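For the sequence shown, position 148 (counting from the first letter as 1) is numbered 148 according to full-length UniProt numbering, and the numbering increases by one without interruption.
Beta carbons are placed, not taken as given, at the ideal position from N, Cα and C, and that holds for glycine.
Being a predicted model, the structure only gives us computed values, none of them experimental.
To start, the structure under review is shown below, and the notes come after it.
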Amino acid sequence: MQTDIHDEPVNLGFGVQFEPDDLYRLRSQFLPLGKIGGKPSWLNPKNLPKSADLLCNVCEKPLCFLMQVSANGGINDPPHAFHRSLFLFVCRNPSCSRTNDAANLKAFRCQLPRANDYYSFDGPMDPDLDGDVADPRAPADGPGLCRICGCSAAKKCAKCQVARYCSQAHQVIDWPAHKLECAKAATDGSITDEPKNPRNAFCFKEFGVEIDQEYMPANLFDGLSDDEGDEEEEEGNDEDETEEEKKARIREFEKFVKENKGKNADMTKEDLDEATAEQPKDIDFDKFNRLVNLQPDQIIRYKRYGQPLRATGLSELPEVVEPCELCGAPRRFEMQLMPHLLSLIDVDAIGQSIDWASVYVYTCSASCQIADDGYAKEFVAKQDFL
């Protein structure tokens, strides 16, 4: 996505809706720039994360594929990371979404050298030229995939021994449809191909991703300040109030005293000012809001080795990010998910639901090599609006 780690702008990601017959463009062989929902388009289709690695840390049930982003760093990455993608998963159980806790989320990094078994040295297939075809480089000895989530499936239907699942939970989801063909599959060893771009109750709606550079006016943050001196200056400007402003303050005071008559008989104007004082100004939220309002449909903010955009100053981000478990190198910020993504995947409900103000992904700063060019877990943090 980026060619130089120094002084790079922020890249914004946006969801792109496809017609059902065009969703094939998001398959692995075309190396999509990004993908939301549906089933993962694995970068390495052979050495996938184990089912145990894709369980929620809260309820221990299978996570759901959320999105993936192609994130190769060009000349800044080592040769073994010529192709590089990030994959994010989230638990569909709303009760596992806890305030300022990313235990219901996981992120994985996958990398491949330019010369590999799955993609041409000269680049991926072209969906416009090659069309809706099977992947000719798909490994014959690749893992079976779960019919529900598209992740590695070690379990088989006990009756037909053909349908595969990552878990009993997903076998239960699939049974109403599978039972209609289970007996036939047991007889002839085959199973009906899934319809193109299947949807099920577990997967999120499928979208593509397009990337654009963020541009912002030079005066965007004018007026932002958290200096106490500014507050004192504002407080000292009472003498400059207009007559209407003074009358409004008096009316507010009289209304407050009337509503609290008998409770606060000796309340003074100073007491009112203290009681009705605004909460401390959230400068981080103000900055976040101004940037989001420039491009309200943004779902990703990507700046590898940059600084995360805090959604609010009222909740903390981790002071210490765990180093890479594989090589010990420090992890650095790479990207964050924005609130609009919740709308795209249709979980922005009132009440308990999957929620975040922003999700922050930190990755190995060395893009270290992963055993068998598989998938390495990375660090995720989450902020919520309090």
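Residue 288 counts as buried, since at least 16 other C-beta atoms from the protein chains shown sit within 10 angstroms of its C-beta.
For residue 293, the enclosing alpha helix (DSSP H) starts and ends at 283-294. Residue 219 carries a coil assignment under DSSP once its states are collapsed to helix, strand and coil.
Per the C-alpha coordinates, the member of 133, 32, 16 positioned closest to residue 83 is 32.
Across the set 146, 333, 173, the C-alpha of 146 shows the shortest separation from the C-alpha of residue 162. Looking from the CA of residue 136, the closest CA among 120, 325, 208 belongs to 120.
Using a C-beta cut-off of 8 Å, the segment 210-219 makes no contact with the segment 17-26, since fewer than three inter-stretch Cβ pairs fall below that distance. Residue 297 is positioned such that its CB atom lies closer than 8 Å to that of residue 14.
By the neighbour-count criterion, in which 16 or more other beta carbons inside 10 Å mark a residue as buried, residue 77 falls on the buried side.
Taking residue 337 as the centre and dropping the five residues before and after it, the same chain places the C-beta of 359 closer than 6 Å to its C-beta, in chain order. The three-state secondary structure of residue 74, taken from DSSP, is helix. Scanning its chain for C-beta atoms nearer than 6 Å, with the 5 sequence neighbours on each side dropped, one finds around residue 185 the residues 160, 162, 191, in chain order. Residue 312 places its beta carbon 8 Å or farther from that of residue 333. Taking C-beta separations shorter than 7 Å and ignoring five residues to either side along the sequence, the partners of residue 90 in its chain run 63, 64, 66, 104, 105, 354, following chain order. Here residue 357 has 311, 312, 339, 383, 384, 385 as same chain residues with Cβ atoms under 7 Å from its own Cβ, once five neighbours each way along the sequence are excluded. The secondary-structure analysis by DSSP pairs residue 210 across a beta bridge with 14. For residue 331, the closest C-alpha among the options 364, 87, 305 is that of 364.
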